[in-house]
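The opening position of the sequence shown corresponds to residue 904 in my numbering, with each subsequent residue numbered one higher. Scroll down for the structure; my scribbles are underneath it.
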Amino acid sequence: MHGSQSPKTSVVSKYAPLRSDIELSNIINVTERAWDISDTSPTSRWTHVSLNDLRQGWRFGASLGFLTCLSVLILNLSLTIWATTRSNSNNGHIFQGSCAAAKRYNMGLHLVINVLSTLLLGASNYSMQCLSAPTRGVLDRAHRKGKWLDVGVQSFRNLKWSMKWKKAVWTLLGLSSLPIHLLYNSVFYATITNNDYELYFASRDWLNGSWYDSWNLPAPGTVRSYHSPTTNERFNWTPIYETDPAELLKDYQTFPANYEHLDIDGCIDAYANTYLSDRRNVVLLSPSVPTIYALPSAYVEEIERVEKDSSLHWVIFSSDQQELYNKLDRYGWMCDNWDRGVPACTKERAREYAAHNNWTIFGWPVSGCVSQKLADKCSVNFHLGIAIVVVLANFGKAICIAAVCFFLSDQPLLTTGDAVSSFLRESDPTTVGCCLLDRKDICSHWRDAIRSQKRLPLKAHFPHIHRRWQAPGWKSWASFLLFFIICLIVVGVLLRIGIHSMDDPSFSTIRALGFGTATAEMVINDWGIPVSGSGALLQNVLVANTPQLLFSSVYLTLNNVLTRVHLAVEWASYLTTRKGLRVSHNRKGAQRSTYFLQLPYRVGVPLMAISASLHWLISQSIFLVSIETYDVNGLPKNGRSKVEGGLDGVNEEHIATCGYSPLAIICLLVVSGLVVIYVVGMGFKKLPSDGMPLVGSNSVGIAAACHPPQDGGDAQHPLMWGVVSESSDEGIGHCSFSSSAVSLPVQGQLHA
């Protein structure tokens, strides 16, 4: 029970010099023993572990991680075999159908992927913390050299003191996470269609079967000969279009429901898209033949002449996507331009041009158009190469975790309870007489005292109100906020680009698009990333998944902050509540089992669920999209090129790029913002008590609080921290964790 004691010494400052020999049973001169302590912990080595050991302590958590990793590996292998079999029999597609159905299929797969990846990374993180946790022997060596390590959190500082094989396994676990972050979400990806189309200039009478001049509109592939009055030579020529006007007319008359009559604005809206997924050929309605095209051949090339009474005037081709991507505007014809030397034609410019010029295209006045409609067609694809890399990473992670479970004989100090138990069993001589040592003292006084082999001055107890945000330290907060701000900027820029490119950026339109919608309008264009060629797929996969890696950095730093906060909460509670230590080894007596190492279940479980949800939202915010091109007759192009040899040796028919979803980005910002607000708000709550030194995860601060009297150091019993003894002459107190009675420290009293 706590009791109060009156100070017998008048204290005017926080520290006071040593003025007399203090005979406390547990106090010794730091210079007498600090350099002779033996390493009592077992040497870190690979050794066989019995199955019974796997059911206890930290190994139970690690073995659960191994079983999780193994289960995910089996699921990944099964998915890979199933998808490979299905895609091989279906031209690479595991699903084909309407875009709405493909979207649901794709979203479901990515939800499963992100749940599995979260489980994998959680199991990996657990084992990495086990590998980086110090043993008692490591702490003793560090303290003798004036160094402190972290207990209860994952720390790069600890790795410097770890053995080489521990560092190697830790590194392999970290490296095996990279393919999970950067590739896993692109194993399955959506494919949308892009249709080439041809432009017809015709009168409305042509649609009703009126006569048209077929001289300069022969069937595709027909070789025609004509005489040029300009050069007085005869040339052979072949039509540059691929559709047969007679076949198109027949199709229109047979299936009129497949065609839509549009006014000028409707025609511009329908065809002013980089990719065209739901339409194909278009007939531009022109009421008359321009005079220039009806002139005698002395003024106009014979191939360009059009008979005045012909209802079908002209057919020109619209180049496929790569030609347009590299040479021409995709819909430059709307602005009466195909020249890259002038500003590119946009939907807004096309509307402005049509309004000021009565929409005259190549000299033909256009009053509207007839568009060939198509049923939407999308698919979900599977990439075997990416799947193999992910499976190998999963396998490597399973091997590393198995090594930690079965062959690591260490007794790492994974929680503050582990460290307190160890230091109560055998005190740390480098912290004798420093019972009120806090994190600031360690950095400013203790280190110098150890290196100079001098004793620290006595310290007076002055309680401070500590809030939770103080527990992690500025470096932990800075890391978390830095990664969060970087992610916020990336997501914000992507959202701005997405909304700016939308014709109607209203929230109703954004909501209608939904999550992960792969459409022609929601594809990123002209951003300097190759869309075709051997390296295009990999580059776009990395770009689409880089936000996953950034968010994982946010998650790890957030986990670190929350772990340090709850470590401090539990630490401070020992001043007000007597309870057993929370240990990661075999429990004895009143000792309690660990949570997720240091995080309580009420925090750890929701944190993992939120992590999986945010990873899924990221996968729906920016994602890999494949675009398959169909020719003007609706046939897959299968890698052939209109331009002989293609463009610069690139296969122009298969495009890999990235799509984005404004709604998913907005939801991502809202959810992540709420998480940060919660964390910052939680940081302003007070710690359970004001009297305990704020040591955080600092091993020296933990050791300083563990110098009990001879009969009060039983770590198996419920413990409290407080004053355990006092010098009768000087009124100098001593605080420690103890299983015996303790009292509250008295403000202003010196302690050793």
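Built from N, CA and C at the ideal position, the CB exists for glycine as well.
- Message: Would LEU1187 and TYR1103 be called neighbours here (beta carbons separated by less than 8 Å)?
- Response: yes
- In the DSSP assignment, find the unbroken alpha helix (DSSP H) run with GLU1150 in it and report its ends. 1148-1157
- Query: Measuring CA to CA, which of VAL1283, SER1600, VAL1603, PRO1648 is closest to MET1623?
  - Reply: When each option's Cα is compared against that of MET1623, the closest is PRO1648.
- CA nearest to the CA of ASP1108, picked from SER1189, GLY1599, TYR1087: SER1189
- Message: Can you tell me where the alpha helix (DSSP H) holding THR971 begins and where it ends?
- Response: Here the alpha helix (DSSP H) through THR971 covers 960-991.
- Task: May I ask you to verify whether the segment 1423-1439 touches the segment 1334-1350, counting CB pairs closer than 8 Å and requiring at least 3?
- Result: No: fewer than three Cβ pairs fall under 8 Å.
- At least 3 beta-carbon pairs within less than 8 Å: the segment 981-999 vs the segment 1281-1299: Flag = yes, the segment 981-999 and the segment 1281-1299 touch.
- Enclosing beta strand (DSSP E) for VAL1054 [first to last residue]: First-last for VAL1054: undefined, no H or E at that position.
- Task: Along the alpha helix (DSSP H) that carries GLU1473, what are the first and last residues, could you check?
- Result: 1439-1476
- Message: Could you compute how far the alpha carbon of VAL1508 sits from the alpha carbon of SER1514?
- Response: 10 Å
- For MET1511, collect the residues of the same chain with a Cβ closer than 7 Å to its Cβ; drop the 5 residues on either side in sequence, then sort them by chain order. THR1021, GLY1025
- Are any of the Cβ atoms in chain C nearer than 8 Å to that of TYR1178? Going by chain labels, chain C is absent from the structure shown, which holds only one protein chain.
- Using DSSP with H/G/I as helix, E/B as strand and the rest coil, what is TRP1430? coil
- Message: Measuring alpha carbon to alpha carbon, tell me which residue in GLY1049, LEU970, ARG1044 is nearest SER1355.
- Response: GLY1049
- Query: Can the beta-carbon of SER1330 be found closer than 8 Å to that of ARG1467?
  - Reply: no
- Message: Please return the same chain residues whose Cβ sits closer than 7 Å to the Cβ of PRO910, not counting the five positions on each side in sequence.
- Response: Residue confidence for PRO910 is low, a pLDDT of 38 falling below 50, so the modelled location carries little weight and cannot support an answer.
- For ARG1495 and ALA1607, the rounded distance between their alpha carbons: 22 Å
- Message: Considering just the uninterrupted stretch of the alpha helix (DSSP H) at ARG1044, what are its terminal residues?
- Response: 1039-1047
- Query: In this structure, does DSSP put CYS1390 in helix, strand or coil?
  - Reply: helix
- Query: Residues in its own chain within less than 7 Å of LEU1517 by CB, not counting five upstream and five downstream?
  - Reply: PHE1454, LEU1571, VAL1574, SER1575
- Message: If you measure between the beta carbons of ASN1061 and LEU1075, is that distance less than 8 Å?
- Response: no
- Item | Of the listed residues SER1639, ARG1481, LEU1470, nearest to THR1318 (C-alpha basis) | LEU1470
- Message: Taking the straight line between their C-alpha atoms, what separation do you get for SER1544 and TYR1100?
- Response: Reliability of the predicted coordinates at SER1544 is poor, the pLDDT of 36 falling under 50, and no value is obtained from them.
- According to DSSP, which residues form a beta bridge with TYR1029? In the DSSP output, where bridge partners are listed per residue, TYR1029 has none listed.
- Query: Quick check: the segment 1588-1606 against the segment 1361-1376, are there 3 or more CB pairs under 8 Å?
  - Reply: Touching, yes, given that three or more Cβ pairs across the two stretches are closer than 8 Å.
- Message: Can you give me the C-alpha to C-alpha distance between TRP1073 and GLY1336, rounded to a whole angstrom?
- Response: Rounded to the nearest angstrom, the two C-alpha atoms are 37 Å apart.
- Item | Bridge partner(s) assigned by DSSP for THR1094 | Residue pairing by DSSP puts THR1094 in a beta bridge opposite SER1282, SER1529.
- Query: Sorted by chain position, which residues of the same chain lie with C-beta nearer than 6 Å to PRO1082's C-beta, five sequence neighbours on each side aside?
  - Reply: VAL1292, VAL1293, ALA1296
- Item | Terminal residues of the beta strand (DSSP E) in which TYR1563 lies | 1557-1563
- Query: In its own chain, which residues sit with a C-beta less than 6 Å from the C-beta of ARG1252, not counting the 5 before and 5 after it?
  - Reply: CYS1238
- Item | DSSP-derived helix/strand/coil call for GLY1271 | strand
- Query: Mind checking whether ILE1568 and SER1639 have CB atoms under 8 Å apart?
  - Reply: no
- Are there three or more Cβ pairs, one per stretch, closer than 8 Å when the segment 1409-1423 is compared with the segment 1559-1567? yes
- Query: Is the beta carbon of LEU1327 less than 8 Å from the beta carbon of CYS1609?
  - Reply: LEU1327 places its beta carbon less than 8 Å from that of CYS1609.
- Task: Could you say which of LEU976, SER1213, THR1096, VAL975 lies nearest to CYS1002 if we only look at CA atoms?
- Result: THR1096
- Message: Along the chain, where does the alpha helix (DSSP H) containing ALA1363 start, and where does it finish?
- Response: ALA1363 -> not in any alpha helix (DSSP H); beta strand (DSSP E) instead, spanning 1361-1363.
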